[in-house]
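Visitor: Below is the structure I would like to discuss, written out as structure tokens.
4 protein chains.
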Amino acid sequence: MSKISFSSDYTKGAHPRILERLAETNFEQIDGYGTDDYCKSAAEKIKKLCGTPEADVFFLVGGTQTNQTIIDMLLKPYEGVVAAQTGHVAAHEAGAIEFSGHKVLTLPSFPAEADSADGSEAPSAVYSDQVGKIRAKDLKDYIDTFYGDDNHEHMVFPGAVYISHPTEYGTLYSKAELSELSDICREYDIPLFLDGARLGYGLMSKRTDVTIQDIAHLVDVFYIGGTKVGALFGEAVVFTKGAPTKHPVPIIKQHGALLAKGWLLGLQFDTLFTDDLYMNISKNAIEMAELLRKGLLEKGYKLYIDSPTNQQFIVMEDDRLKEFSEHVRYGFWEKTDDKHTVIRLATDWATTKEDIDELMKFL
Amino acid sequence: MSKISFSSDYTKGAHPRILERLAETNFEQIDGYGTDDYCKSAAEKIKKLCGTPEADVFFLVGGTQTNQTIIDMLLKPYEGVVAAQTGHVAAHEAGAIEFSGHKVLTLPSFPAEADSADGSEAPSAVYSDQVGKIRAKDLKDYIDTFYGDDNHEHMVFPGAVYISHPTEYGTLYSKAELSELSDICREYDIPLFLDGARLGYGLMSKRTDVTIQDIAHLVDVFYIGGTKVGALFGEAVVFTKGAPTKHPVPIIKQHGALLAKGWLLGLQFDTLFTDDLYMNISKNAIEMAELLRKGLLEKGYKLYIDSPTNQQFIVMEDDRLKEFSEHVRYGFWEKTDDKHTVIRLATDWATTKEDIDELMKFL
Amino acid sequence: MSKISFSSDYTKGAHPRILERLAETNFEQIDGYGTDDYCKSAAEKIKKLCGTPEADVFFLVGGTQTNQTIIDMLLKPYEGVVAAQTGHVAAHEAGAIEFSGHKVLTLPSFPAEADSADGSEAPSAVYSDQVGKIRAKDLKDYIDTFYGDDNHEHMVFPGAVYISHPTEYGTLYSKAELSELSDICREYDIPLFLDGARLGYGLMSKRTDVTIQDIAHLVDVFYIGGTKVGALFGEAVVFTKGAPTKHPVPIIKQHGALLAKGWLLGLQFDTLFTDDLYMNISKNAIEMAELLRKGLLEKGYKLYIDSPTNQQFIVMEDDRLKEFSEHVRYGFWEKTDDKHTVIRLATDWATTKEDIDELMKFL
Amino acid sequence: MSKISFSSDYTKGAHPRILERLAETNFEQIDGYGTDDYCKSAAEKIKKLCGTPEADVFFLVGGTQTNQTIIDMLLKPYEGVVAAQTGHVAAHEAGAIEFSGHKVLTLPSFPAEADSADGSEAPSAVYSDQVGKIRAKDLKDYIDTFYGDDNHEHMVFPGAVYISHPTEYGTLYSKAELSELSDICREYDIPLFLDGARLGYGLMSKRTDVTIQDIAHLVDVFYIGGTKVGALFGEAVVFTKGAPTKHPVPIIKQHGALLAKGWLLGLQFDTLFTDDLYMNISKNAIEMAELLRKGLLEKGYKLYIDSPTNQQFIVMEDDRLKEFSEHVRYGFWEKTDDKHTVIRLATDWATTKEDIDELMKFL
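Protein chains in written order, with this note's numbering: chain A, 1 to 363; chain B, 1001 to 1363; chain C, 2001 to 2363; chain D, 3001 to 3363.
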């Protein structure tokens, strides 16, 4: 009944400091729709941290709402958004992008076998650290086809590029990779959008050279995930050079991403961006994931993906898995064959060393 | 700076019992998207209260999201939703209904002058208690035109009827009026949808004969507002005879109305529907509104609308208003002429007698 | 069986010269999608006639497609189109505007009774020549409300203005009225769009001071109707200052308004704009309507609207109408009471004096 | 200048018999929107030919309009349409399907190299006759994933299956293949939609065992292409078991697929389905393609695809192509490498033996 759970990183409430501040401010009377001082304060803190004083910051309800809203804001009617075929907007949003009228133009995200074969850094991983990402060459080749000869007006133009960091597979872009994508987007004047639903876990990875300032300067818009990183819910969207429209609020509202009591979001992000709370709790998830990873390798588990963040993927025999599932809730990922399953084990901002020890008993 | 505020009923957080339960359950690990036990428990309580065991209950993020999602679920592509011209979906949702592809077909909602002239019950009100409502005769006449002769295929068919209760003007349908609308809808097999963003304040009005059970039996779908009635956010949708689609979740998701941590909504409604909390706190708003109304009439204010719920509307001279606004935050409603303004004063679940006393000082 | 028909102006094929040219060019092999020389030639002729060398001209399939496409091109996502409540886009396009995501914001188009009462010019008409039109004052007042105070982000912004000329009731704007609307639109930087489905019949009216050059200089986009004025089908859209998008073709295609064999449209308009054919055949419809009008007044019929174009509206007793309908096909307009019906009698580019004489026998 | 053209099959007008009938009926006065007797007559002929008396037949403007309308009619809001990645709806409709809110779910359509290696029937073709088609196994596997475990509500459900016959590559399904697809669709209650923009060329192929009656009994909806097969424009949609909605007309209208003068479409199809005209002119295209194919093989050209219909694909050296293009208009398909290009040569209903002889001179 009360199994230990590593099934995902959005199974708990919020950091206690957030709950405290909600209680403290509960009877203040605050104006709605994000016009309040908590939103302003949180936005200022984020802009200062990012080093982008000209940015516009909005606080939206959740991840799918945010992806749908931003992409629809960025695209012209005849444009689609380029994404990895494994990207959240391509695969797991119930068609929300198409619902708002746009095609998701997918690029392959799995490396060729040759790529992963030489993965000297990750000898026990099936896939290298490239899975879930789009590659600069693929992107450039794709966009190029729309400029090579005269008439592509019966196809869908690439009008924005979506990447997630960390990706849905826990992998990260390097600063060099991100710069390359950014350069291509700027060459063709196509906005680059980074989905940071798990941004903290990327920024605090031991194996990243990408800072939030790097992101703020390399992309046109990104969001800082709250739902999966310490908030009850909410995502902070940063248009690094200002919003692409004079009236973002009605657009946010049409897409279901506007909260009447917007200050609830501002207050949470204000709390997360006070005293480095966001980074500190993200760091905890990474440290716990490292512990888990070390334990898995010691026990001889094969890592399915070489993930440097809070999501770890292993292959397990189905007989073992059946027993395991009596004690632990995990994320089902996919079947590799009739007898093996890939599962996800995710740590989060609140995972404790005791949780990992407990988990290890069943592995 | 810290003015007293009667500007709206969504300026405060949540009932303290909700904050307590959020804290108590904060580190439980709960499955997402409304599949959890808190949602189940809240749904059961609501179904039991309504006397509709076959109902489907969903918990959505906010009012506009809910209106957009339900209306899109009810309508066929060539259909529109009938609403009062003052209805929230017609006037104040930034085009969210049209964004999802449907026309709002408006009926007049202001009574003819002759109607209000005889308003013996409300001698000091400019408008009678009919404002904001649609009338059975208007509805029937409108629908009838689509059946009178053979071809209306170039017009938009009435495919659902939207009413709000209380309306945006604080007025209420009587049981007889609601029954009449319901009869017409059933005669033509058109679903009737009741927006209950402020439902509690309607149910607890001293001048209503409509119960939640009446509503549940007379309409096809309604929602119980949380955002404005004691919850941090969230609305509980009740399809009284079951959902009109096999897969409501992806539709809710496409419209931005799905919360990843769905249990946050379930938990709030479970709390509100334990020990009559929802009704009790709604009753407080009504009692405070009655106090306010009494005070206003005593001071000789003219009520703009004869509202039996928590929203009260008065006409104020602009000079007076300027001074008033230095002490009190109010809702601007409209100008009646160059020198007068209609303002809204709203009580809520947390308004105290002291708040009213304080307000009265400035009136 | 072979009744004489005055039911509408799109009941016949095309001017014989068009059929001849279709036959002449039938086996030429021509590139698709409007890239051909016939489209180019027709566009040049239209631009020259309008005196707008910088215009972009497109040939679209039909009226509803054209309205839907243009309006969606002009509007931002959070904007709606302002139209008379009687406007085609508001009332008779099966929700096509809403299908593409936008609200139609309606202004009243029927004059107050007082207005028509003094109609000395049209003593026998129930309504003056204002019906179907929007008035400058109403438009300005409406737009003004969006600039009067700070926040209308929960309403739908007026993003374009739609007028029809002739209107659906056969009435026409004067040059002064059109200029006034144009001035308001330019003051607020809102594009003005003129639906000219029956443009020829407006331009050739005996009671107009508006030329096609006036229109081209006063509006941002209009179209020259072909379907109702001598073509098999098709409308010529003129963006007087150039198209508002870099890629109109995919937008036209998404809205179903693009014809694969685009030259069929170009060829028709090239024919219509050679040797003043379009104007000459439009003139015929007007002359026949004048004959009809004269005959009607002589016979004592009451004109329902004082229409200066090809559509004439009369009130008929239902008993008379029954008999009349055995000989003539007419357009049903509306019931005025239990015993009277308003009917439309429309002439067109091919109506003959013999047709009118024949019709007169039954009146 | 007046080069010979084999660039596509929609470069000419209509069969002369159609032009004659347009002229004959030009001054009849006919009711609009497909309610006329020509539409009725054409529909009856088609239903009789197909052996589906219960079918509903509609005449729509063009191919993209038809695909968009039908798919939107078939799908629920949370569903997408399954298509080959090379399918017209996936690749060449400017995002028209997504514009109406739905995702195109693509299956691979290129055979693995091993498949084509053994292609004994077509030794000179790079690709076997499978290109452009979806395979029953792929379809079943894809659909199965949505039934394998419990929750796919965050993905887009397969709600209809789209195939083209002939495909965009000129290939054809065998009756066995079509039956297999049909069986899978019926097993899962998913409608099967066949795009017959070039249907005649498929039916008259020398290498097909599929009749129009087979199609009518195996699919839920298909259309008989007119634009590419002898009509000026227009497609005849056949819902083999009746339309899936009570009001198809407003839906057709919203998608830009409705013609005001609907009889222009009915008259054309009535002509095409009188005295086997449609089949006879289709047969001509096939005979000319066979002549062309024979000539190409004799001259040693490598066929890129083994096409049994009117579209033939060859690989040409770029130097040769440059010279060739001075005499012949062709369809550019794709580059195979730096020095070679795949081109399409299409015959049609009006291609003559003289055209082929002329073309051969330049090959």
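Glycine included, each C-beta is placed from N, C-alpha and C at the ideal position. Values in this document were obtained by computation on a predicted structure and should not be read as measured data.
Would you tell me roughly how many angstroms separate the C-alpha atoms of Gly119 (chain A) and Ala289 (chain A), rounded to the nearest one?
Guide: Because the pLDDT at Gly119 (chain A) is just 41, under 50, the model does not fix this residue reliably, and the point stays unresolved.
Visitor: Using a Cβ cut-off of 8 Å, pull out every chain C residue sitting near Ala1094 (chain B), in sequence order please.
Guide: The contacting residues are Tyr2078, Glu2153, His2154, Met2155, Val2156.
Visitor: What did DSSP end up calling His2088 (chain C) once you bin it into helix, strand or coil?
Guide: In the structure shown, His2088 (chain C) sits in a helix (DSSP, three-state: H, G or I).
Visitor: For Ala3122 (chain D) and Ala3136 (chain D), what's the separation of their Cα atoms in angstroms?
Guide: The predicted position of Ala3122 (chain D) is uncertain, since its pLDDT is 39 and thus under 50; no value can be drawn from it.
Visitor: Can you pull the chain D residues whose beta carbon is under 8 Å from the beta carbon of Pro2248 (chain C), in chain order?
Guide: Here the premise fails: no neighbours, minimum Cβ distance about 11 Å.
Visitor: Out of C:Glu2235, C:Ser2008, C:Tyr2169, C:Phe2006, which has the shortest C-alpha to C-alpha gap to Leu2303 (chain C)?
Guide: Measuring from the Cα of Leu2303 (chain C), the nearest candidate turns out to be C:Tyr2169.
Visitor: Which residue or residues does DSSP assign as beta-bridge partners of Ile224 (chain A)?
Guide: Per DSSP, A:Ala236.
Visitor: Please state whether DSSP places Leu1107 (chain B) in a helix, a strand or coil.
Guide: Three-state result, Leu1107 (chain B): strand.
Visitor: How would you call Ala176 (chain A), buried or exposed, if buried means at least 16 neighbouring beta carbons within 10 angstroms?
Guide: The residue is exposed, with fewer than 16 neighbouring Cβ atoms inside 10 Å.
Visitor: What would DSSP say about Ile1143 (chain B), mapped onto helix, strand or coil?
Guide: In the structure shown, Ile1143 (chain B) sits in a helix (DSSP, three-state: H, G or I).
Visitor: Kindly indicate the opening and closing residues of the beta strand (DSSP E) around Phe157 (chain A).
Guide: Segment 157-164, the beta strand (DSSP E) holding Phe157 (chain A).
Visitor: What I want to know is whether the C-beta of Ser2282 (chain C) ends up closer than 7 Å to one or more non-hydrogen atoms of the ligand ZN.
Guide: Because no ligand of any kind appears in the structure shown, any question about the ligand ZN cannot be addressed here.
Visitor: Exposed or buried, what is Tyr1147 (chain B) when buried is set at 16 or more other beta-carbons lying within 10 Å of its beta-carbon?
Guide: So Tyr1147 (chain B) ends up on the exposed side.
Visitor: Please identify, using Cβ separations under 9 Å, the residues of the region 1293-1323 of chain B that lie next to chain D, in order along the chain.
Guide: Result list empty, no residue passes.
Visitor: Candidates A:Ile143, A:Lys283, A:Tyr173: which alpha carbon is nearest Ser128 (chain A)'s?
Guide: It is A:Tyr173.
Visitor: Exposed or buried, what is Phe3313 (chain D) when buried is set at 16 or more other beta-carbons lying within 10 Å of its beta-carbon?
Guide: Phe3313 (chain D) should be labelled buried.
Visitor: Do the region 56-72 of chain A and the region 1027-1047 of chain B touch if we need at least three Cβ pairs shorter than 8 Å?
Guide: Too few Cβ pairs lie closer than 8 Å, so no.
Visitor: Pull out every residue of the region 1007-1030 of chain B whose Cβ sits closer than 7 Å to any Cβ of chain D, in chain order.
Guide: Hits within the stretch: zero.
Visitor: Between Leu1075 (chain B) and Gly1159 (chain B), what straight-line distance do the alpha-carbon atoms span, to the nearest angstrom?
Guide: If I take the Cα positions, the gap works out to 6 Å.
Visitor: Could you check the C-alpha separation between Lys2040 (chain C) and Gln85 (chain A) for me, to the nearest Å?
Guide: Rounded to whole angstroms, Lys2040 (chain C) to Gln85 (chain A) spans 42 Å at the Cα level.
Visitor: How is Arg2021 (chain C) classed by DSSP in three states: helix, strand or coil?
Guide: Reduced to three states, the DSSP call for Arg2021 (chain C) is helix.
Visitor: Give the DSSP-derived three-state secondary structure of Asp1209 (chain B) in the structure shown.
Guide: In the structure shown, Asp1209 (chain B) sits in coil (DSSP, three-state: anything other than H, G, I, E or B).
Visitor: When we look at the beta-carbon of Thr347 (chain A) and count the other beta-carbons within 10 Å, is it buried (16 or more) or exposed?
Guide: The residue in question, Thr347 (chain A), is buried, as its Cβ has 16 or more Cβ neighbours within 10 Å.
Visitor: With H, G and I counted as helix, E and B as strand and the rest as coil, what does DSSP make of Ile134 (chain A)?
Guide: Coil at Ile134 (chain A), not helix or strand.
Visitor: May I ask you to list the residues that DSSP assigns as paired with Glu2177 (chain C)?
Guide: In the DSSP output, where bridge partners are listed per residue, Glu2177 (chain C) has none listed.
Visitor: Pick out the complete alpha helix (DSSP H) segments inside the region 2238-2311 of chain C, 4 residues or longer, and give them in chain order.
Guide: You should have 2248-2254, 2263-2272, 2277-2298.
Visitor: For the region 99-113 of chain A, list every residue whose C-beta sits within 7 Å of some C-beta in chain D, in sequence order.
Guide: From the region 99-113 of chain A, only Phe99, Gly101, His102, Lys103 have a Cβ closer than 7 Å to chain D.
Visitor: Over the uninterrupted beta strand (DSSP E) stretch that includes Gly1331 (chain B), give me the two end residues.
Guide: It spans 1331-1337 - the beta strand (DSSP E) in which Gly1331 (chain B) sits, taken as one unbroken run.
Visitor: For Lys2003 (chain C), does the three-state DSSP call read helix, strand or coil?
Guide: Coil, per DSSP.
Visitor: Where does His3102 (chain D) land, buried or exposed, given buried means 16+ other C-beta within 10 angstroms?
Guide: Buried is the call here.
Visitor: With a threshold of 6 Å on Cβ separation, who are the neighbours of Ile3018 (chain D) within its own chain once the five nearest residues in sequence on each side are excluded?
Guide: Cβ within range, chain order: Gln3268, Thr3271.
Visitor: Which same chain residues, not among the five before or five after Met73 (chain A), have their C-beta less than 8 Å away from its C-beta?
Guide: Correct list, in chain order: Ala243, Pro244, Thr245, Pro248, Ile251.
Visitor: Against Asp3189 (chain D), what residues of chain B qualify as contacts under a CB-to-CB distance less than 8 Å, listed in chain order?
Guide: Residues of chain B passing the Cβ test: none, with the nearest at roughly 11 Å.
Visitor: Taking only beta-carbon positions, decide if Ala2973 (chain D) is within less than 8 Å of chain A.
Guide: The structure shown does not extend to residue 2973 (chain D), since chain D is modelled only from 3001 through 3363, so no value can be given for it.
Visitor: Spatial neighbours of Asp1144 (chain B) within its chain, please: CB distance less than 8 Å, with the 5 preceding and 5 following residues excluded, ordered by chain position.
Guide: Around Asp1144 (chain B): no qualifying Cβ.
Visitor: With a threshold of 8 Å between beta-carbons, can Leu264 (chain A) be considered close to chain B, or not?
Guide: Closer than 8 Å: yes.
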